[in-house]
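Working notes, beginning with the structure itself.
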Amino acid sequence: MLSVASRPPSSLHWSHMLFSELLFALLLVCLVAGMAVVAFTVASISRRAEAQGAELAELRGQLAVGGQVQETATSDLRERLAQTQTLLEGMRAVFVARHQAEEDARQSLRRLEAVLAGSPSRGAAGENILEEAFRHLPPDMVRRNVWVNGKVVEFGLHLPGGKLLPIDSKWPSSAALQELAEPDALPARRAQLAAVVEKEVERRVREVSQYIDPATTAPFALAAVPDAAYGVCRSAFAEAHRRHVMIVAYSLTLPYLLMLYQLHLQFARSVDMEHLQACLMEVDRQLDALDASLENKLQRAVTMLGNAYQDGKQVTARIRASVRGIQATGRLDDGGDPVRATVDEPLLSISLRQG
Numbered sequence: 026m027l028s029v030a031s032r033p034p035s036s037l038h039w040s041h042m043l044f045s046e047l048l049f050a051l052l053l054v055c056l057v058a059g060m061a062v063v064a065f066t067v068a069s070i071s072r073r074a075e076a077q078g079a080e081l082a083e084l085r086g087q088l089a090v091g092g093q094v095q096e097t098a099t100s101d102l103r104e105r106l107a108q109t110q111t112l113l114e115g116m117r118a119v120f121v122a123r124h125q126a127e128e129d130a131r132q133s134l135r136r137l138e139a140v141l142a143g144s145p146s147r148g149a150a151g152e153n154i155l156e157e158a159f160r161h162l163p164p165d166m167v168r169r170n171v172w173v174n175g176k177v178v179e180f181g182l183h184l185p186g187g188k189l190l191p192i193d194s195k196w197p198s199s200a201a202l203q204e205l206a207e208p209d210a211l212p213a214r215r216a217q218l219a220a221v222v223e224k225e226v227e228r229r230v231r232e233v234s235q236y237i238d239p240a241t242t243a244p245f246a247l248a249a250v251p252d253a254a255y256g257v258c259r260s261a262f263a264e265a266h267r268r269h270v271m272i273v274a275y276s277l278t279l280p281y282l283l284m285l286y287q288l289h290l291q292f293a294r295s296v297d298m299e300h301l302q303a304c305l306m307e308v309d310r311q312l313d314a315l316d317a318s319l320e321n322k323l324q325r326a327v328t329m330l331g332n333a334y335q336d337g338k339q340v341t342a343r344i345r346a347s348v349r350g351i352q353a354t355g356r357l358d359d360g361g362d363p364v365r366a367t368v369d370e371p372l373l374s375i376s377l378r379q380g
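So this note's numbering is basically just the index in the sequence shown, starting at one, shifted up by 25.
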């Protein structure tokens with residue numbers, strides 16, 4: 026206390042002043058440091074905010090670009106869907122038009138076939154089908170319009186050994202085949218139509234069997250029919266086999282002939298044995314014809330002869346009765362008029378000659 030009190034007033038004032046300045050300087054430094062910290066913090070926050078703003082702007086730009094891309098993709102997808110729908114509508118229209126055209130063509134073909142039904146053009150159509158099939162064979166393998174037994178067969182397959190295989194195209198009832206092709210036909214009606222077609226095929230088989238000649242042809246013949254007719258045949262195959270005729274569909278004619286030709290090359294017998302078999306088949310067919318002739322013609326003749334024999338017996342009996350009556354009359358008139366007796370004798374001789 027004494028030391029402080031003993032100091033001079035100027036030194037005290039100076040020391041107090043230095044302390045205040047030091048304190049002020051310290052406060053100023055702290056303030057500047059705080060302001061620097063605040064400025065740095067504000068600058069950092071500002072930079073961060075700017076970075077976030079930039080990122081946000083970039084994100085917004087990306088979102089905008091994504092939205093535009095999505096809109097473009099959506100628009101493109103919608104456009105493609107519209108094009109696909111347009112194509113589908115066009116395809117549907119084309120399909121409907123094509124179906125209608127096919128139906129019209131089918132109806133026209135049916136009308137044309139109906140017009141040609143029963144005319145020689147049907148046979149020509151079958152010949153054209155076989156001609157197209159035989160076009161793939163060697164020219165010398167198939168002969169056309171061959172005369173056999175006084176008739177012309179459409180085609181003849183030249184077999185090893187010189188014989189011919191008669192091939193004829195037969196087109197059965199077109200109306201029945203056309204009605205069989207209808208999908209809504211009743212089963213009972215289908216059975217009736219199949220029977221009609223099969224009877225027609227059997228009749229055609231009998232025609233083809235006339236082309237078999239043991240001297241010039243194979244012991245069997247081939248009848249080509251439409252595939253629809255071939256599909257309904259049942260008992261016609263047995264009838265054809267009995268008459269040594271093979272029924273083949275148009276679509277199977279060429280492979281069947283090639284297989285038959287190959288088998289004939291591989292397993293053909295000698296010419297004499299083959300000729301013998303053909304002759305035996307001809308004898309069998311002629312025996313069938315003879316049986317039919319005996320049954321239909323000779324039986325009636327025998328019946329007529331029997332009736333004539335019975336009538337003759339009755340007439341002879343009546344004549345004998347008349348003669349005996351005349352003789353009995355002559356005996357009863359014994360010793361009568363001689364002139365009458367002489368007259369009766371010529372009458373008796375005349376009656377006997379007439380009898």
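All residues carry an ideal CB built from backbone N, CA and C; glycine is no exception.
Run of the beta strand (DSSP E) containing Pro191, from where it starts to where it stops: As a working mapping, residue 191 is identified with position 166 in the sequence shown. Note, Pro191: beta strand (DSSP E), 189-194.
When the Cα of Leu312 is compared with those of Ile351, Arg268, Glu204, which residue comes out closest? Locating residue 312 in the sequence shown gives position 287, where the first residue counts as 1. Cα-wise, what sits closest to Leu312 is Arg268.
Look at the Cβ atom of Ala219, then the Cβ atom of Val257, and state whether they are nearer than 7 Å. Residue mapping note: residue 219 aligns to position 194 of the sequence shown, counting from 1. Residue mapping note: residue 257 aligns to position 232 of the sequence shown, counting from 1. Yes. Within cutoff.
Rounded to the nearest angstrom, what separates Ala274 and Tyr255 at their Cα positions? The residue you call residue 274 lines up with position 249 of the sequence shown. The residue you call residue 255 lines up with position 230 of the sequence shown. Their Cα atoms are separated by approximately 6 Å.
Three-way DSSP call (helix, strand, coil) for Leu182 in this model: Here residue 182 is taken as the residue at index 157 of the sequence shown, counted from 1. If DSSP states are grouped into helix, strand and coil, Leu182 belongs with the strands.
CB-CB under 7 Å to Glu320, same chain, minus the five flanking residues each way: which ones, in chain order? Within the sequence shown, numbered from 1, the residue matching residue 320 stands at position 295. Answer for Glu320: no residue qualifies.
Do you know offhand how far Val67's Cα is from Gln108's? Counting from one through the sequence shown, the residue named residue 67 turns up at place 42. Counting from one through the sequence shown, the residue named residue 108 turns up at place 83. Roughly 59 Å separates the two Cα atoms.
When DSSP labels each residue in this structure, what does Thr99 get in the three-state scheme? Numbered from 1 along the sequence shown, position 74 holds the residue referred to as residue 99. Looking at Thr99 - three-state DSSP - the assignment turns out to be helix.
DSSP state of Leu81, grouped into three classes? Taking the first residue of the sequence shown as 1, we reach residue 81 at position 56. Of the three classes helix, strand and coil, the one that applies to Leu81 here is helix, per DSSP.
By the DSSP assignment, the alpha helix (DSSP H) with Met166 in it spans what residues? As a first step, residue 166 is located in the sequence shown; it is residue number 141 there, counting from the start. Where Met166 is concerned, there is no enclosing alpha helix (DSSP H), given that its DSSP letter is neither H nor E.
Go through its chain and collect everything with a Cβ distance to Ser45's Cβ below 6 Å, but skip five positions before and after it. As a working note, residue 45 is residue 20 in the sequence shown. Closer than 6 Å at Cβ, skipping near neighbours: no residue.
Are the Cβ atoms of Glu152 and Glu179 separated by less than 7 Å? Counting from 1 along the sequence shown, the entry for residue 152 is found at position 127. Counting from 1 along the sequence shown, the entry for residue 179 is found at position 154. Contact: yes.
Using 10 angstroms around the beta-carbon of Val222, count the other beta-carbons present and answer buried if the total reaches 16, otherwise exposed. For the purposes of this step, residue 222 is taken as residue 197 along the sequence shown, with counting starting at 1. Answer is buried; the Cβ neighbour count reaches 16.
With DSSP run on the structure shown, which of helix, strand or coil describes Ile344? In the sequence shown, counting from the first residue as 1, residue 344 sits at position 319. DSSP places Ile344 in helix when its eight states are reduced to three.
Return the chain-ordered ranges of every alpha helix (DSSP H) run that is complete within the stretch 234-287 and spans a minimum of 4 residues. 252-257, 260-267
Tell me whether Ser194 is buried or exposed, calling it buried when 16 or more other Cβ atoms sit within 10 Å of its Cβ. The count along the sequence shown starts at 1 and reaches residue 194 at position 169. So Ser194 ends up on the buried side.
Buried or exposed: Pro163, going by 16 or more other Cβ atoms within 10 Å of its Cβ? To locate residue 163, count along the sequence shown from 1; it is residue 138. Under this definition Pro163 is an exposed residue.
Determine the direct distance from the alpha carbon of Glu114 to that of Phe120, and round the result to whole angstroms. Indexing the sequence shown from 1 puts residue 120 at position 95. Indexing the sequence shown from 1 puts residue 114 at position 89. Roughly 10 Å between the two C-alpha positions.
On the criterion of 16 or more Cβ atoms from any shown chain inside 10 Å, does Tyr236 qualify as buried, or is it exposed? Here residue 236 refers to the residue found at position 211 when the sequence shown is read from its first residue. Label assigned to Tyr236: buried.
Compare the Cα-Cα distances from Asp238 to each of Val171, Pro212, Phe292, Val226 and report the closest residue. Within the sequence shown, residue 238 is the residue found at index 213, counting from 1. If we check each option's Cα against that of Asp238, Val171 comes out closest.
Is the beta carbon of Ala246 closer than 7 Å to that of Val270? Here residue 270 refers to the residue found at position 245 when the sequence shown is read from its first residue. Here residue 246 refers to the residue found at position 221 when the sequence shown is read from its first residue. In this structure, Ala246 lies closer than 7 Å to Val270 by Cβ.
Relative to the C-alpha of Cys304, which residue among Gln287, Thr241, His266 is closest? Walking along the sequence shown from the start, residue 304 turns up at place 279. Looking at the Cα atoms, Thr241 is the closest of the given residues.
Give a yes or no on whether the C-beta atoms belonging to Ala126 and Leu279 are separated by under 7 Å. By 1-based counting over the sequence shown, the position of residue 126 is 101. By 1-based counting over the sequence shown, the position of residue 279 is 254. No, the Cβ-Cβ distance between Ala126 and Leu279 is not below 7 Å.
Would you grab the beta carbon distance between Glu232 and Ala261 for me? Rounded to a whole angstrom, and I think it's under 8 Å. Within the sequence shown, residue 232 is the residue found at index 207, counting from 1. Within the sequence shown, residue 261 is the residue found at index 236, counting from 1. Wrong, their Cβ atoms sit about 13 Å apart, outside the cutoff.
From Pro244 to Ala122, what distance separates their C-alpha atoms? The residue you call residue 244 lines up with position 219 of the sequence shown. The residue you call residue 122 lines up with position 97 of the sequence shown. Each residue's Cα considered, the two are about 53 Å apart.
I'd like to know if Thr278 contacts chain B, where contact means its C-beta is closer than 7 Å to some C-beta of that chain. In the structure shown, chain B cannot be found, because there is only a single protein chain.
Who are the near neighbours of Leu290 in its chain, counting only those whose CB is closer than 8 Å to its CB and skipping five residues on each side? Indexing the sequence shown from 1 puts residue 290 at position 265. Cβ neighbours of Leu290 beyond the five flanking positions: Pro185.
CA-CA distance, Ser234 and Ala200? As a position in the sequence shown, residue 234 is number 209, starting the count at 1. As a position in the sequence shown, residue 200 is number 175, starting the count at 1. Looking at the two C-alpha atoms, the distance is approximately 25 Å.
State the Cα-Cα distance for the pair Ser276 and Gln95, rounded to the nearest angstrom. Taking the first residue of the sequence shown as position 1, residue 276 is located at position 251. Taking the first residue of the sequence shown as position 1, residue 95 is located at position 70. The straight-line gap from Cα to Cα measures roughly 60 Å.
Roughly how many angstroms lie between the CA atoms of Arg160 and Leu323, to the nearest whole one? Numbered from 1 along the sequence shown, position 135 holds the residue referred to as residue 160. Numbered from 1 along the sequence shown, position 298 holds the residue referred to as residue 323. So the two alpha carbons sit approximately 50 Å from each other.
Mapping DSSP to helix, strand and coil, what is Arg349? Counting from one through the sequence shown, the residue named residue 349 turns up at place 324. Residue state, collapsed to three classes: helix.
Grouping DSSP H, G and I as helix and E and B as strand, with all else coil, what is Val140? Numbered from 1 along the sequence shown, position 115 holds the residue referred to as residue 140. Caution applies to Val140, whose pLDDT of 44 falls short of 50 and renders its modelled position unreliable; the model cannot decide the point.
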